[in-house]
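Note that the working numbering has the sequence shown beginning at 920, numbered continuously upward. Cβ coordinates follow ideal geometry from the N, Cα and C atoms, glycine included. Note that the coordinates shown come from a computational prediction; the quantities given were computed from them, not determined experimentally.
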Amino acid sequence: MEIKVVTGDILEINTPAIIVGLYEDSKELYGITKILDEVMDGAISQLRNDQEIKGVSGEFTLIHTLGRIAAQRILVSGLGRKDNFDLNAIRALMGNASRYLRTRGILSFCTAPHGIDSVILKPVDCGQAIAEGTILGTYQFQNYRTNKENSGNTEKVTIVSPKSDLSASMAIGVGQGEIIANGVALSRDMSNTPSNDLTPSKMAEIATMVAREGNLGIVILDRTDMEKLGMGALVGVARGSHQPPKLIALEYKGDPDRPKHVLGLIGKGVTFDTGGISLKPALNMENMKGDMTGGSSVIGAMKAISALKPKINVTGVVPTTENMPGGDAQRPGDIVRAMNDKTIEVINTDAEGRLILSDAMVYAVRKLGVSHMVDIATLTGAIIVSLGSVRIGVFGNNQEWIDQVVQTGNDGGERMWPFPMDDDYGDQLKSTFADMMNVGGKEAGSITAAKFLSEFTEGVPWVHLDIAGSYRMVSDKGWHVKGSTGGPVRTLINLALADSG
Ligand code: BES
Ligand code: ZN
Ligand code: ZN
């Protein structure tokens, strides 16, 4: 897809369609909408007065111009209430509008710079949101379709700006938005790819490519390295599979002045979760191909970070393995020893995410010098019960860091909600035979999972994001399409950008 910004007169642009917006609660028309309404003899205002256009978010009205201007159609899009209009509304609008046009075979269109005249959004941010919304909203995963050449996708988007200084800043935003959306798309591709192709070795291969392209440091540990380092929890999960496990570390060194300040991004990379010997039921098990979305989020974010080059050090760590019930699989009741020497009684082999993350987190702090971290994991079914697919569950050991992550996530539209971490919840993990069990019973399952992880933070500020509800969508909506969301890739990138020293 090509996205460009042009400075010019909207009336003279020859295009199949122009996307303009209309607020729900404002009689006034702004910017390009106003200009087009005048030249169309008040057609937009008339539809508005007749209540045929209400301006609610998600509403689209296609008006043919019948030769009055060079453009063939005007797509009037509801923007919702003016007070609520923000960059996430632009992302959602562009996703919805570009799919609406694609359904009608319109793959090339122009758009107004939404929000610039009315709610005064920064042009750079507006350009970025338009690029992200359009690229992510028209994302398609067709690697496994044999008839893909028949189904076209959006080819060309032109943002029409009235002034050249606005255009220049918007173009910078578009460039950033493209980099960020491509990071998200890489994570979606990995997450949508079936597990017979996306193995732990394949994840390591993709990470190696990302490292080469982005000039990142990379370390890949294999099973023998893990055993030498004492990663008994990670190795234990991998025992049931013929696929060799990998631990991938990607290092971006953007701030040599703060060598000890290293943001760690740790992502669960279970390429398929059968549950192991504690086998899952068959219904919906296919969705467990996405149990590596924490890991792909990290790889997608590292790709974008290496291109955006913020002044900060970021290290991504992805422990990746299958969770299979092979003949050598670990059994309920087995006791494993993690890298920090803590012993774990594996009561349920399906609680494998926390096991592989525990060794990855200890490794990140001890061996890679991570000073504060976020882990991202499709960790518990319980978080789906609590939050559905709307919000990401947030847990942590440091209020300031929790607040920062929640704020960053919410600002970017990757909505989050914090959970309590009282010590009492930790009592549910007490084991008769080892330092802890890997499950804490039926109650508060997402919190006890986080409590388990909190034993492996090595004293650094840590936030855990449970994305088991939000990693996939069942229908198209805004900048999301059916299938993987890609995980909170934009939040991870924004955390790095915000701390650019
Ligand atoms: N990968 C699953 C969690 C999951 C469930 C992700 C649904 C996405 C959708 C995780 O490894 C798991 O199986 N968790 C168990 C933990 C339980 C055994 C304590 C769960 O939530 O059932
Ligand atoms: Zn599991
Ligand atoms: Zn899992």
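Under the three-state DSSP convention, the category residue i falls into
i, result
"W1398", "coil"
"R1256", "strand"
"E1241", "strand"
"Y1390", "coil"
"G999", "coil"
"D1418", "coil"
"D1174", "coil"
"E1124", "helix"
"M1356", "strand"
"N1072", "coil"
"I988", "coil"
"T1022", "helix"
"T1376", "coil"
"K1147", "helix"
"G1046", "helix"
"T952", "helix"
"I1366", "helix"
"I1231", "coil"
"T1268", "coil"
"L1198", "coil"
"A1168", "strand"
"E947", "coil"
"L966", "helix"
"S1110", "helix"
Backbone CA spacing between residue i and residue j [nearest angstrom]
i, j, result
"V1284", "A1090", "39 Å"
"E1205", "L966", "47 Å"
"I1098", "N1317", "31 Å"
"D1269", "V1324", "28 Å"
"Q970", "D1116", "52 Å"
"D1278", "N1242", "16 Å"
"T1240", "V1154", "9 Å"
"I972", "C1029", "21 Å"
"A1130", "R992", "44 Å"
"S1075", "I1025", "The question names Ser, but residue 1075 is Lys in the sequence shown. Straight-line Cα distance between these residues: approximately 10 Å."
"K1001", "T1212", "35 Å"
"E1333", "K1121", "27 Å"
"E1132", "T1112", "22 Å"
"V1382", "R1023", "44 Å"
"I1275", "D1247", "17 Å"
"S1394", "N1015", "12 Å"
"K1361", "G1209", "24 Å"
"D1141", "I1167", "9 Å"
"A1363", "V1293", "21 Å"
"G1056", "V1038", "23 Å"
"M1013", "A1050", "8 Å"
"P1163", "K1199", "22 Å"
"L1184", "V1236", "6 Å"
Paired residues, beta bridge with residue i - DSSP
i, result
"W1381", "M1292"
"C1029", "I937 and T1077"
"F979", "S996"
"P1337", "V1313"
"I1185", "V1236 and D1294"
"F1004", "Partner(s): none; F1004 has no beta bridge."
"V1408", "DSSP, once it has assigned bridges, lists no residue as partnering V1408."
"F1060", "Looking at the DSSP assignment, F1060 forms no beta bridge with any residue, so it has no partner."
Short CB-CB distance (under 8 Å) between residue i and chain C
i, result
"A1248", "The chain inventory of the structure shown lacks chain C, comprising one protein chain alone."
Sub-8 Å separation of residue i and residue j beta-carbons
i, j, result
"A1301", "I1386", "no"
"T1190", "P1119", "yes"
"I1263", "A1123", "no"
"I1303", "G1388", "yes"
"G950", "R1010", "no"
"A1223", "G1359", "no"
"A1079", "I988", "The residue asked about is misnamed: residue 1079 is Val in this sequence, not Ala. The answer is no: Cβ separation not under 8 Å."
"S1027", "V939", "no"
"S1215", "G1406", "yes"
"L1085", "A1126", "no"
"T1410", "G1331", "yes"
"A1100", "L1020", "no"
"V1289", "Y1058", "no"
"D1044", "L1006", "yes"
Residue i Cβ short of 7 Å to ligand 4 heavy atom set
i, result
"A1031", "Judged by which ligands are present, ligand 4 is missing from the structure shown, whose ligands are ligand 1, ligand 2 and ligand 3."
Buried or exposed (CB count within 10 angstroms, at least 16 for buried), residue i
i, result
"G986", "exposed"
"N1232", "buried"
"G1307", "exposed"
"I1196", "buried"
"T1299", "buried"
"E947", "exposed"
"V1309", "exposed"
"H1291", "buried"
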